[in-house]
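K.L.:
In the working numbering, the protein residues as written are 81 to 188. Just so you know, even glycine gets a beta-carbon here, dropped at the ideal spot from N, CA and C. Every value quoted in this text rests on a predicted model; they were computed, and no experiment measured them.
1. Hey, could you find the ends of the alpha helix (DSSP H) residue 157 is sitting in?
2. I want to know whether the stretch 135-148 touches the stretch 176-184 - three or more CB-CB distances under 8 Å.
3. Comparing C-alpha positions only, which one of 176, 129, 146 sits nearest to residue 157?
4. Between which two residues does the alpha helix (DSSP H) carrying residue 131 extend?
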């Protein structure tokens with residue numbers, strides 16, 4: 081949008097761009113969110129705390145599911161090695177097992 085003022089034969093034009101003021105709006109919204117985050121306190125009861133033992137027993141590092149998944153990884157790795165004759169497929173089993181074990185230990 082262009083505003084123009086014509087007075088006494090002198091034309092003054094100024095281009096108004098709404099995109100120029102967007103950073104001010106973003107700055108104001110961020111400061112409001114920061115103030116609300118500082119001043120408000122949130123308290124909640126963990127409703128899933130009772131199921132933590134069940135989840136750890138089911139998906140923990142020493143669970144049956146973890147052992148079956150590692151066994152499946154070994155079988156798939158061996159089959160892939162037989163099909164491709166690529167030694168890196170066999171080494172990939174160790175890498176996947178390490179990451180799987182780390183992932184299962186994070187559920188605790």
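P.N.:
According to the structure data:
1. Its alpha helix (DSSP H) spans residues 144-164.
2. The stretch 135-148, when compared against the stretch 176-184, does touch it at the 8 Å Cβ threshold.
3. The shortest Cα separation from residue 157 among 176, 129, 146 belongs to 176.
4. From DSSP, residue 131 is part of no alpha helix (DSSP H); its letter is neither H nor E.
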